[in-house]
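Undergrad: Let me begin by handing over the structure; questions about it come next.
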Amino acid sequence: KDNVDKLKHLSQDQKDKYKHDIDDAKTKEEIDSIINKAKDEDNKHQTEESLTKAKEQGKDSIDSLKHLSQEEKDKYKHDIDDAKTKEEIDSIINKAKDEDNKHQTEESLTKAKEQGKDSIDNLKHLSQEEKDKYKHDIDDAKTKEEIDSIINKAKDEDNKHQTEESLTKAKEQGKDSIDNLKHLSQEEKDKYKHDIDDAKTKEEIDNIINKAKDEDSKHHGNKPTDTNLDDVKKHGKDNVDKLKHLSQDQKDKYKHDIDNAKTKEEIDSIINKAKDEDSKHHGNKPTDTDLDGVKKHGKDDIDNLKHLNKQQKDKYKHDIGNAKTKEEIDNIINKAKDEDNKHHGNKPTDTDLDGVKKHGKANIDKLNNLTPAEKDKYKHDIDDATTSEAVNKVVDKATLQNIKQHSEDEIDNAKHDAHQAINRSPLSESDQNHYNYQIDQSTTIQEVVDTVNEAQQTASNADSTSNGQDNETLPDTGETTDNTAANSTLLGTLFAALGSLIFFRKRRHNKEDNK
Numbered sequence: 001k002d003n004v005d006k007l008k009h010l011s012q013d014q015k016d017k018y019k020h021d022i023d024d025a026k027t028k029e030e031i032d033s034i035i036n037k038a039k040d041e042d043n044k045h046q047t048e049e050s051l052t053k054a055k056e057q058g059k060d061s062i063d064s065l066k067h068l069s070q071e072e073k074d075k076y077k078h079d080i081d082d083a084k085t086k087e088e089i090d091s092i093i094n095k096a097k098d099e100d101n102k103h104q105t106e107e108s109l110t111k112a113k114e115q116g117k118d119s120i121d122n123l124k125h126l127s128q129e130e131k132d133k134y135k136h137d138i139d140d141a142k143t144k145e146e147i148d149s150i151i152n153k154a155k156d157e158d159n160k161h162q163t164e165e166s167l168t169k170a171k172e173q174g175k176d177s178i179d180n181l182k183h184l185s186q187e188e189k190d191k192y193k194h195d196i197d198d199a200k201t202k203e204e205i206d207n208i209i210n211k212a213k214d215e216d217s218k219h220h221g222n223k224p225t226d227t228n229l230d231d232v233k234k235h236g237k238d239n240v241d242k243l244k245h246l247s248q249d250q251k252d253k254y255k256h257d258i259d260n261a262k263t264k265e266e267i268d269s270i271i272n273k274a275k276d277e278d279s280k281h282h283g284n285k286p287t288d289t290d291l292d293g294v295k296k297h298g299k300d301d302i303d304n305l306k307h308l309n310k311q312q313k314d315k316y317k318h319d320i321g322n323a324k325t326k327e328e329i330d331n332i333i334n335k336a337k338d339e340d341n342k343h344h345g346n347k348p349t350d351t352d353l354d355g356v357k358k359h360g361k362a363n364i365d366k367l368n369n370l371t372p373a374e375k376d377k378y379k380h381d382i383d384d385a386t387t388s389e390a391v392n393k394v395v396d397k398a399t400l401q402n403i404k405q406h407s408e409d410e411i412d413n414a415k416h417d418a419h420q421a422i423n424r425s426p427l428s429e430s431d432q433n434h435y436n437y438q439i440d441q442s443t444t445i446q447e448v449v450d451t452v453n454e455a456q457q458t459a460s461n462a463d464s465t466s467n468g469q470d471n472e473t474l475p476d477t478g479e480t481t482d483n484t485a486a487n488s489t490l491l492g493t494l495f496a497a498l499g500s501l502i503f504f505r506k507r508r509h510n511k512e513d514n515k
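First residue of the sequence shown: 1, per full-length UniProt numbering; consecutive thereafter.
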């Protein structure tokens, strides 16, 4: 009975029953049989309790798996409830863990793919087509190692494109530097620019530029001495000042040309041109008694004032038409010239290089699509410029880049640049208003460009007519048609930029359609 009491997995009722059977036993063999039977039942209860505990622990293990769905967990716990042995339970738990690990790997791979595609999108020097290809490869990848390999390959190609773009930019800047050298012939400049085109590294480009600058400096040292050419220039400007039938503006322009001349022959040619114009004006002046001739000549003078708008000119010409004496006409012309000079004073002159540079840098600051670094670079180029033409070339180049950096779907920005092109063109005020209105009514970039193309043709026709008239009669103001040519050149530059915008827009759409 003591042995029965020591059995831990029998209930008290079961123990009492076995002890009662022992009391009724007649022999030792009967007692041993009863004790063995009690032990067997105790062992059976122990096994059942262990299995129940193992099932509870097994289901807890299933619940702790983070990458199984609730449906999957419930299935595995149901299998555990049906298990007959601890070995079956262990097998079910191991199977659940394997599936959990598989899900974890799949989730990690999905996350790695998303991060990988984000990395591809952040690469700045790949085309959209190239990015899409790499992202498609990532979608097909089976392991994280494959994804890492694809990303590294994309980064290598991005770095390669960046190097190519930097080299292209360095070549453009290098060729601009060559063009700005004043003492090389065109043939020498073309040779150095050809060498730059063939260069493979930025270091090669720098070496070519330095070599060109050395040759430019060498040529500069071979110029005529100051005491030689300066005397010729001084004498030439004195001759210009003695011409009686040129306006002061005309004289200043010829003297400015003399200052920029490189040889005595150039100076002689400028003086001869000034004398020819002086003689021509002298022969065209109307007599005091010819009032109609005086009026006609006066209106011509008004038309040749460069800094009055059409409305202002029309008013002065109307006043001349109503004048009764030559003195009235002279007063009207002088008043118009004073107003013209006043407007002219608000603009930098060719001889005021610092003013031209200041005006140019102000225009650079207005270009909203350039980065601060790009603006600083162009303003630095302006500081290095030695002529107003060089300054204008820098501003034109910056304007071109500003337009190219427009977002292709920003119609308002395209309209803004088109308005600038129209307003800086040699068109009349009424023509400008007409084309600006058409631009405002446009609903696509193509319509904007079509309108500006039409305006450019009108400006070109007007420019040709104006040039023909200038060849026949030069006005008293002495201004040349260089401003008109410059305006036409700028208009053409802006047109080329807008055309490029349309071209790249269409090419991108074609690529998308072919996918």
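We treat Cβ as the ideally placed atom computed from N, Cα and C, and that holds for glycine.
Here the structure is a predicted model, which is why all the values come from computation and not from measurement.
For residue 174, count the other beta carbons within 10 Å of its own beta carbon; 16 or more makes it buried, fewer makes it exposed. Which is it?
TA: Mapped onto the sequence shown, residue 174 falls at position 174. Its Cβ being crowded by 16 or more others within 10 Å, residue 174 is buried.
Undergrad: Give every residue of the same chain whose Cβ lies closer than 7 angstroms to the Cβ of residue 390, excluding the five residues on either side of it in the sequence, and list them in chain order.
TA: Position 390 of the sequence shown, counted from the first residue, corresponds to residue 390. Around residue 390: 180.
Undergrad: How is residue 304 classed by DSSP in three states: helix, strand or coil?
TA: In the sequence shown, counting from the first residue as 1, residue 304 sits at position 304. In this structure, residue 304 counts as coil in the three-state DSSP scheme.
Undergrad: With burial defined as no fewer than 16 other Cβ atoms inside 10 Å of the residue's Cβ, what is the status of residue 241: buried or exposed?
TA: The residue labelled residue 241 in the question sits at position 241 within the sequence shown. With fewer than 16 other Cβ atoms within 10 Å, it is exposed.
Undergrad: Could you tell me the boundaries of the alpha helix (DSSP H) in which residue 109 lies?
TA: Position 109 of the sequence shown, counted from the first residue, corresponds to residue 109. 86 to 121 is the extent of the alpha helix (DSSP H) around residue 109.
Undergrad: Could you check if residue 414 is buried or exposed, using at least 16 other CB atoms within 10 Å of its CB as the buried criterion?
TA: In the sequence shown, the residue the question calls residue 414 occupies position 414. Residue 414 is buried by the Cβ-count criterion.
Undergrad: Going by DSSP, what residue range makes up the alpha helix (DSSP H) through residue 168?
TA: Within the sequence shown, residue 168 is the residue found at index 168, counting from 1. Segment 144 to 179, the alpha helix (DSSP H) holding residue 168.
Undergrad: I want to know whether the region 251 to 264 touches the region 298 to 309 - three or more CB-CB distances under 8 angstroms.
TA: Judged by Cβ distances under 8 angstroms, the region 251 to 264 makes no contact with the region 298 to 309, as fewer than three pairs qualify.
Undergrad: How is residue 1 classed by DSSP in three states: helix, strand or coil?
TA: As a first step, residue 1 must be located in the sequence shown, where it is residue number 1. Coil.
Undergrad: Could you check where the alpha helix (DSSP H) with residue 431 kicks off and where it finishes?
TA: By 1-based counting over the sequence shown, the position of residue 431 is 431. Residue 431 -> alpha helix (DSSP H) spans 429 to 441.
Undergrad: For residue 47, does the count of other Cβ atoms within 10 angstroms reach 16, so buried, or fall short, so exposed?
TA: Counting from one through the sequence shown, the residue named residue 47 turns up at place 47. Residue 47 should be labelled exposed.
Undergrad: With residue 199 as the anchor, note down where its alpha helix (DSSP H) starts and where it stops.
TA: Taking the sequence shown and counting its residues from 1, one reaches residue 199 at position 199. Careful: residue 199 lies outside any alpha helix (DSSP H) and carries neither H nor E.
Undergrad: For the structure I just gave you, are there three or more beta carbon pairs, one from the region 45 to 61 and one from the region 86 to 93, closer than 8 angstroms?
TA: Result yes; three or more Cβ-Cβ pairs closer than 8 angstroms.
Undergrad: Kindly examine the ligand SAH and report whether one of its heavy atoms sits closer than 7 angstroms to the Cβ of residue 161.
TA: Ligands in the displayed structure: none, and consequently the ligand SAH is not present.
Undergrad: Let's see if you can read the secondary structure: which residues bound the alpha helix (DSSP H) around residue 418?
TA: Working through the sequence shown from its first residue, we reach residue 418 at position 418. Its alpha helix (DSSP H) spans residues 411 to 423.
Undergrad: Who are the Cβ neighbours of residue 113 in its own chain at under 8 angstroms, not counting the five residues just before and after it?
TA: Taking the sequence shown and counting its residues from 1, one reaches residue 113 at position 113. The residues are 138, 139, 141, 147.
Undergrad: Consult DSSP for residue 10 and reduce its assignment to one of helix, strand or coil.
TA: Counting from one through the sequence shown, the residue named residue 10 turns up at place 10. Residue state, collapsed to three classes: coil.
Undergrad: Okay, do the region 371 to 383 and the region 335 to 345 touch, 3+ Cβ pairs below 8 angstroms being the bar?
TA: No, the region 371 to 383 is not in contact with the region 335 to 345.
Undergrad: Taking only the alpha-carbon atoms, compute the straight-line gap between residue 360 and residue 366 and give it to the nearest angstrom.
TA: For the purposes of this step, residue 360 is taken as residue 360 along the sequence shown, with counting starting at 1. For the purposes of this step, residue 366 is taken as residue 366 along the sequence shown, with counting starting at 1. Their Cα atoms are separated by approximately 10 angstroms.
Undergrad: I'd like the list of long-range same chain contacts for residue 168, defined as Cβ closer than 7 angstroms, with 5 residues on each side in sequence excluded.
TA: Here residue 168 is taken as the residue at index 168 of the sequence shown, counted from 1. Closer than 7 angstroms at the Cβ level, and outside the excluded window around residue 168, lies no residue.
Undergrad: Is the distance from the Cβ of residue 106 to the Cβ of residue 72 below 8 angstroms?
TA: Counted from its first residue, the sequence shown places residue 106 at position 106. Counted from its first residue, the sequence shown places residue 72 at position 72. Against a cut-off of 8 angstroms, the Cβ pair of residue 72 and residue 106 comes out as no contact.
Undergrad: Considering only their Cβ atoms, is the gap separating residue 178 from residue 193 smaller than 8 angstroms?
TA: For the purposes of this step, residue 193 is identified with residue 193 of the sequence shown, where counting begins at 1. For the purposes of this step, residue 178 is identified with residue 178 of the sequence shown, where counting begins at 1. Yes, these two residues count as a Cβ contact at 8 angstroms.
Undergrad: What runs of the alpha helix (DSSP H), each 4 residues or longer, lie entirely inside the region 218 to 258?
TA: Entirely contained in the region 218 to 258, the alpha helix (DSSP H) runs reaching 4 residues are, in chain order, 226 to 241.
Undergrad: Determine the direct distance from the alpha carbon of residue 92 to that of residue 33, and round the result to whole angstroms.
TA: Along the sequence shown, read from residue 1 onward, the residue named residue 33 stands at position 33. Along the sequence shown, read from residue 1 onward, the residue named residue 92 stands at position 92. Cα to Cα, the separation comes out at about 39 angstroms.
Undergrad: Between 220, 456, 171, which lies nearest to residue 196 when the distance is taken from Cα to Cα?
TA: As a working mapping, residue 196 is identified with position 196 in the sequence shown. It is 171 whose Cα lies nearest to the Cα of residue 196.
Undergrad: Between residue 160 and residue 184, what straight-line distance do the alpha-carbon atoms span, to the nearest angstrom?
TA: For this step, residue 160 is matched to residue 160 along the sequence shown. For this step, residue 184 is matched to residue 184 along the sequence shown. Those two C-alpha atoms are separated by around 35 angstroms.
Undergrad: Exposed or buried, which one is residue 425 when buried takes at least 16 other CB atoms within 10 Å?
TA: Sequence index remark: in the sequence shown, residue 425 carries index 425 (1-based). Buried, because 16 or more other Cβ atoms sit within 10 Å of the Cβ of residue 425.
Undergrad: In the DSSP assignment, find the alpha helix (DSSP H) that holds residue 318 and state where it starts and stops.
TA: Position 318 of the sequence shown holds residue 318. Looking at the DSSP string, the run of the alpha helix (DSSP H) that includes residue 318 is 310 to 322.
Undergrad: Here's the rule: buried if 16 or more other CB atoms are within 10 angstroms of the residue's CB, otherwise exposed. What is residue 354?
TA: For the purposes of this step, residue 354 is taken as residue 354 along the sequence shown, with counting starting at 1. Exposed.
Undergrad: So is residue 321 buried or exposed if we call it buried at 16+ other beta carbons inside 10 Å?
TA: In the sequence shown, residue 321 corresponds to position 321, counting from 1. Exposed, by the Cβ-count rule.
Undergrad: Rounded to a whole number of angstroms, what is the C-alpha to C-alpha distance between residue 63 and residue 101?
TA: Looking up residue 63 in the sequence shown gives position 63. Looking up residue 101 in the sequence shown gives position 101. Rounded to whole angstroms, residue 63 to residue 101 spans 14 angstroms at the Cα level.
Undergrad: Roughly how many whole angstroms lie between the Cα atoms of residue 214 and residue 186?
TA: Taking the sequence shown and counting its residues from 1, one reaches residue 214 at position 214. Taking the sequence shown and counting its residues from 1, one reaches residue 186 at position 186. Taking the straight line from one Cα to the other gives about 16 angstroms.
Undergrad: Would you give the residue range spanned by the alpha helix (DSSP H) that residue 182 belongs to?
TA: Counting from one through the sequence shown, the residue named residue 182 turns up at place 182. Counting along the chain, residue 182 falls outside any alpha helix (DSSP H), and DSSP gives it neither H nor E.
Undergrad: State the DSSP-derived secondary structure class of residue 132, mapped to helix, strand or coil.
TA: Working through the sequence shown from its first residue, we reach residue 132 at position 132. Residue 132: helix per DSSP, three-state reduction.
Undergrad: Mapping the DSSP letters down to three states, classify residue 64 as helix, strand or coil.
TA: Locating residue 64 in the sequence shown gives position 64, where the first residue counts as 1. Looking at residue 64 - three-state DSSP - the assignment turns out to be coil, as it is neither helix nor strand.
Undergrad: In this structure, does DSSP put residue 52 in helix, strand or coil?
TA: The residue you call residue 52 lines up with position 52 of the sequence shown. Helix at residue 52.
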